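The numbering of the sequence shown is the UniProt record's numbering, which starts it at 1 and goes up by one.
Every residue, glycine too, gets a C-beta built ideally from N, C-alpha and C.
All of these numbers come straight from a predicted model, not from anything done at the bench.
Since the structure comes first, as structure tokens, the remarks are kept for the end.
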Amino acid sequence: MTARTDILCIGSVLWDVIGRSASHMRQGSDVPGRITRLPGGVAMNIAMTLVRFGMTPVLLTAIGRDAEGDELVRACLQLGMDAGHVYRSEDLPTDRYMAVEGANGLIAAIADAHSLEAAGAKILRPLQDGRLGSAASPYDGLVALDGNLTQSLLEEIAASPAFARADLRVAPASPGKAERLRPFLQHARATLYVNLEEAGLLCQTEFDGSDSAARGLIERGALRALVTDGGRNATEASAERVISRTPPEVLVTRVTGAGDTFMAAHIAAEAEGTDREAALDRALHAAATYVSGETPL
């Protein structure tokens, strides 16, 4: 390997356009609020939290060579990430995500990650050409991987020699993409980060809580699983041990990115050598602080 890095963040890096209102909303609601545009995407959200915990993430993603893409790359660099291995496409636009949130949570969202999907395996070239790894010397560090990639590319990653030594941390981009993670359900080096609904979709059943969901994933072959359930208990499980913790009670002011913050904080804690109980506590505290509207540190 020709480079050493703290962690690779592979997946969606795009612009988040989020409309938030303090009012309860339903279909057809027209209410006052605020609309923001910020760097986002699962891989980006994870990377931003990792930076706040002192890590230097390397982004592997697709960003267009358009004005929005140039602005996004500058934002990544200013935030302290390594964007030197990003695939920049001449003919694909920079991806976007749009969501509407009310006092009663996420109302609706649309993820336009078509450019990432179209770029496909091109985003992984640095892991094969010697910049970050090669067939002779595969990358052997941490990898945060998100489910915005296509099913075929995720299957390729699960079987690829380029990831044979990596510590894979995998999360779906949304419940609608949870089943894309099936190739990692019996993977020897993958830790799954899912919510209760996503765990049920992966196991093709319904669970009544994070404890049963995490156990269910382990029974179906997962190496390790972390399952969150909003303000209720979160569980981290492996074949050896099951740990559950209750998140702090906070006033929820935002929800988009909470799961990504949880995952990143947990990865950062374990990278520092924190034990399993403390790592889960730290991740839950970071996520609770994030949804309350504060900075998760």
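Residue 67 - DSSP class collapsed to helix/strand/coil: By 1-based counting over the sequence shown, the position of residue 67 is 67. Note: residue 67 maps to helix in three-state DSSP.
Residue 10 - containing beta strand (DSSP E), residue span: Sequence index remark: in the sequence shown, residue 10 carries index 10 (1-based). Where residue 10 is concerned, the enclosing beta strand (DSSP E) stretches over 7 to 10.
Burial state of residue 146, where buried means 16 or more other Cβ atoms lie within 10 Å: Here residue 146 refers to the residue found at position 146 when the sequence shown is read from its first residue. Residue 146 should be labelled buried.
Where the alpha helix (DSSP H) containing residue 305 begins and where it ends: Limits of the chain in this structure are 1 at one end and 297 at the other, which puts residue 305 out of reach.
Buried or exposed by the 16-neighbour rule on C-beta atoms within 10 Å, applied to residue 104: For the purposes of this step, residue 104 is taken as the residue at position 104 of the sequence shown. Answer is exposed; the Cβ neighbour count stays below 16.
Helix, strand or coil at residue 98 [DSSP, three-state]: Position 98 of the sequence shown holds residue 98. In the displayed model, residue 98 falls within a strand according to three-state DSSP.
Exposure of residue 35, with buried meaning 16 or more beta-carbon neighbours within 10 Å: Locating residue 35 in the sequence shown gives position 35, where the first residue counts as 1. With fewer than 16 other Cβ atoms within 10 Å, it is exposed.
Beta carbon of residue 173 nearer than 8 angstroms to that of residue 194: In the sequence shown, counting from the first residue as 1, residue 173 sits at position 173. In the sequence shown, counting from the first residue as 1, residue 194 sits at position 194. Going by C-beta atoms, residue 173 is not nearer than 8 angstroms to residue 194.
Selection from 149, 48, 167, 189 that minimises the alpha carbon distance to residue 264: Locating residue 264 in the sequence shown gives position 264, counting from the first residue. Checking every option, the nearest Cα to that of residue 264 belongs to 48.
Nonlocal neighbours in the same chain, by C-beta distance under 7 angstroms from residue 119, ignoring five residues either side: Locating residue 119 in the sequence shown gives position 119, counting from the first residue. The residues are 62, 87, 89, 92.
Test item: CB-CB of residue 33 and residue 20 under 8 angstroms: In the sequence shown, residue 33 corresponds to position 33, counting from 1. In the sequence shown, residue 20 corresponds to position 20, counting from 1. Residue 33 places its beta carbon less than 8 angstroms from that of residue 20.
Residue 115 in three-state terms, based on DSSP: Here residue 115 is taken as the residue at index 115 of the sequence shown, counted from 1. In this structure, residue 115 counts as helix in the three-state DSSP scheme.
Separation of residue 165 from residue 189, as counted between CA atoms: In the sequence shown, counting from the first residue as 1, residue 189 sits at position 189. In the sequence shown, counting from the first residue as 1, residue 165 sits at position 165. Going from the Cα of residue 189 to the Cα of residue 165 covers about 8 angstroms.
Residue 94 burial status per 10 Å Cβ neighbour count (16 or more: buried): Along the sequence shown, read from residue 1 onward, the residue named residue 94 stands at position 94. Flag for residue 94 reads buried.
6 angstroms CB neighbourhood of residue 151 in its chain, flanking five on each side removed: Your numbering for residue 151 matches position 151 in the sequence shown. The residues are 180.
From 96, 139, 45, residue whose alpha carbon lies closest to that of residue 109: Position 109 of the sequence shown, counted from the first residue, corresponds to residue 109. It is 96.
CB of residue 236 within 8 angstroms of CB of residue 196, strictly: Taking the first residue of the sequence shown as position 1, residue 236 is located at position 236. Taking the first residue of the sequence shown as position 1, residue 196 is located at position 196. No; because the gap between Cβ atoms is not below 8 angstroms, this pair is not in contact.
Three-way DSSP call (helix, strand, coil) for residue 188 in this model: Working through the sequence shown from its first residue, we reach residue 188 at position 188. The answer is coil: DSSP assigns residue 188 none of H, G, I, E or B.
Residue 75, DSSP secondary structure in three states: Position 75 of the sequence shown, counting from 1, holds the residue named residue 75. It is helical.
Inter-residue spacing [alpha-carbon to alpha-carbon] between residue 293 and residue 270: For the purposes of this step, residue 293 is identified with residue 293 of the sequence shown, where counting begins at 1. For the purposes of this step, residue 270 is identified with residue 270 of the sequence shown, where counting begins at 1. Spanning the two alpha carbons is a distance of roughly 25 angstroms.
Three-state secondary structure assigned by DSSP to residue 169: Here residue 169 refers to the residue found at position 169 of the sequence shown. Reduced to three states, the DSSP call for residue 169 is strand.
Environment of residue 132 [buried if 16+ CB atoms lie within 10 Å]: For this step, residue 132 is matched to residue 132 along the sequence shown. Buried.
Residue 159 versus 183, 167, 68, 136, residue with shortest Cα-Cα distance: Residue mapping note: residue 159 aligns to position 159 of the sequence shown, counting from 1. Comparing Cα-Cα distances from residue 159 to each of 183, 167, 68, 136, the minimum goes to 183.
Beta-bridge pairing of residue 236 - partner residues as DSSP gives them: Within the sequence shown, numbered from 1, the residue matching residue 236 stands at position 236. In DSSP, residue 236 forms a bridge with 226, 243.
Beta carbon of residue 42 nearer than 8 angstroms to that of residue 260: Indexing the sequence shown from 1 puts residue 42 at position 42. Indexing the sequence shown from 1 puts residue 260 at position 260. Going by beta carbons, residue 42 and residue 260 fall inside the 8 angstroms limit.
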